[in-house]
Amino acid sequence: MDGCKNNMVSGLVSVIIPTYKRPNMLGRAIDSVLGQSYTNIEVVVVDDNSDGDKYRLETIQYMERYANDYRVKYIKHKTNQNGSAARNTGIQNSVGEYIAFLDDDDYFLKDRIKEAIHFLQNSSADCGGTCCNYVKKYKNKIYKVSRNVGCFNSCYELLSAQIDYAAGSTLIIKREILNKVGLFDISFKRHQDWEFLIRLFRFYQIEILPYVDVVICADGIRNTPRTDVLLEVKRKLLQTFATDIEILGTQEQADIYQAQWKEIIYNYLKEKKYSTAIAFAQKNISKTSFRKRDILNAILSCIVGIIPSFMIVVYSIYDLKFNRFKKDII
1 MDGCKNNMVS GLVSVIIPTY KRPNMLGRAI DSVLGQSYTN IEVVVVDDNS
51 DGDKYRLETI QYMERYANDY RVKYIKHKTN QNGSAARNTG IQNSVGEYIA
101 FLDDDDYFLK DRIKEAIHFL QNSSADCGGT CCNYVKKYKN KIYKVSRNVG
151 CFNSCYELLS AQIDYAAGST LIIKREILNK VGLFDISFKR HQDWEFLIRL
201 FRFYQIEILP YVDVVICADG IRNTPRTDVL LEVKRKLLQT FATDIEILGT
251 QEQADIYQAQ WKEIIYNYLK EKKYSTAIAF AQKNISKTSF RKRDILNAIL
301 SCIVGIIPSF MIVVYSIYDL KFNRFKKDII
């Protein structure tokens, strides 16, 4: 089934919110959409918990407060499927001309949709959608502000971590592009948004708008897989798009592998599997052009990533810009 529908409503933005094991955070995400300055919206909440488990029961109970709000649709999977399937279910049960995605533990700032739709309504046919910039928050403190801007249509920027789209919560697309791109690939347990974007880049480009309109929250329970599972997902991703990667230059290919394996090292360190992290880095040095300095940088960045409060101090000292977001975010 494709993503375009005969009953599509012009100008309507459908915001798809998959939810899994986080009913306590769901309301903040939903309310951030309902409170948008752009009011022609619908919210499609897809409950990816299984029938009968405690998270399903808690989510049902929580969603009762929206039962009389015509803007909110609540759809339940019988069993847990994954984020890709939940997004597809949301797309197939939505009617908006534009489709936005929002993770259940993140939230929009009030002009997020208005600024994106203003751009998309005046965009060229080769523009498939937009992303925006975002802040990352940990315990009511901002520790990262993204500063991406421009037009992108290459898997290189994505897979080499040159650009951090955070597409699970910052992406808004034109529904019509799904006729070429298709839906999300349900075989991917992680990186569903990357897989989708790489296929999108074969036909369209994404404009990253300069506005900081999304808050990514790091203080909730992240549904992060074990490192061995994540490693298999990354291998699958790189194999699936080997043709797209192989047409790039040698250094660009090395940049991609280095960025992907760096994340694996980071996760091994988080799991306190220090010897495994070192062995993995040594094994992949020749494949990724890792140097000793690269390994040291990877370890240092891992330490910083594990301790978000460290970055809060850094931003407080070196980046006073974040203060202008504080009132809307905290």
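Heads up: the sequence shown runs through residues 1 to 330, numbered per the UniProt record's numbering.
By construction, the Cβ of each residue, glycine as well, lies at the ideal position given by its N, Cα and C atoms.
This one's a predicted model, so the numbers in the text were calculated from it and none came from an experiment.
Checklist entry - CB-CB under 8 angstroms to Val95, same chain, minus the five flanking residues each way: which ones, in chain order? => result Here residue 95 refers to the residue found at position 95 of the sequence shown. Excluding residues within five positions, the ones whose Cβ falls inside 8 angstroms are Lys5, Asn7, Met8, Val9, Leu12, Ser14, Glu42.
Checklist entry - Rounded to a whole number of angstroms, what is the C-alpha to C-alpha distance between Ala29 and Asn80? => result For the purposes of this step, residue 29 is taken as the residue at position 29 of the sequence shown. For the purposes of this step, residue 80 is taken as the residue at position 80 of the sequence shown. For the pair Ala29 and Asn80, the Cα-to-Cα distance works out to about 20 angstroms.
Checklist entry - So what does Ala100 bridge to, in DSSP terms? => result Here the question's residue 100 lines up with position 100 in the sequence shown. Beta-bridge annotation (DSSP): Ala100 is paired with Val15, Ile172.
Checklist entry - Count the other CB atoms within 10 Å of the CB of Lys137; is the residue buried (16 or more) or exposed (fewer)? => result As a working note, residue 137 is residue 137 in the sequence shown. Burial call: buried.
Checklist entry - Does DSSP classify Pro225 as helix, strand or coil? => result Residue 225 sits at position 225 when you count from the first residue of the sequence shown. Three-state DSSP puts Pro225 in coil, outside helix and strand.
Item to check | Leu209 in three-state terms, based on DSSP | outcome: For the purposes of this step, residue 209 is taken as the residue at position 209 of the sequence shown. Strand, per DSSP.
Next on the checklist: Please tell me whether, using a cut-off of 7 angstroms, the distance from the CB of Asn49 to the nearest non-hydrogen atom of the ligand ATP is below it.
Outcome noted: This structure lacks the ligand ATP, and indeed carries no ligand of any kind.
Checklist entry - Thinking C-alpha only, which one of Phe119, Gln239, Ala116, Gly90 is nearest Ile256? => result Mapped onto the sequence shown, residue 256 falls at position 256. Nearest of Phe119, Gln239, Ala116, Gly90 to Ile256, Cα basis: Gln239.
Checklist entry - Helix, strand or coil for Asp105 per DSSP? => result Indexing the sequence shown from 1 puts residue 105 at position 105. Looking at Asp105 - three-state DSSP - the assignment turns out to be coil, as it is neither helix nor strand.
Next on the checklist: Mapping the DSSP letters down to three states, classify Val233 as helix, strand or coil.
Outcome noted: Here the question's residue 233 lines up with position 233 in the sequence shown. Correct three-state label for Val233: helix.
Checklist entry - From Ile75, Ser84, Gln253, Tyr204, pick the residue whose C-alpha is nearest to that of Ala125; which is it? => result The residue you call residue 125 lines up with position 125 of the sequence shown. With distances taken between CA atoms, Ala125 lies nearest to Tyr204 out of Ile75, Ser84, Gln253, Tyr204.
Checklist entry - Looking at the structure shown, is Asn267 part of a helix, part of a strand, or coil, going by DSSP? => result What you label residue 267 is simply residue 267 of the sequence shown in a count that begins at 1. For Asn267, the secondary structure class from DSSP, reduced to helix, strand or coil, is helix.
Checklist entry - For Lys136, does the three-state DSSP call read helix, strand or coil? => result On the sequence shown, residue 136 is found 136 positions in, with the first residue counted as 1. Reduced to three states, the DSSP call for Lys136 is strand.
Item to check | Buried versus exposed, by CB contacts within 10 Å (16 or more), His118 | outcome: By one-based count along the sequence shown, residue 118 stands at place 118. Under this definition His118 is an exposed residue.
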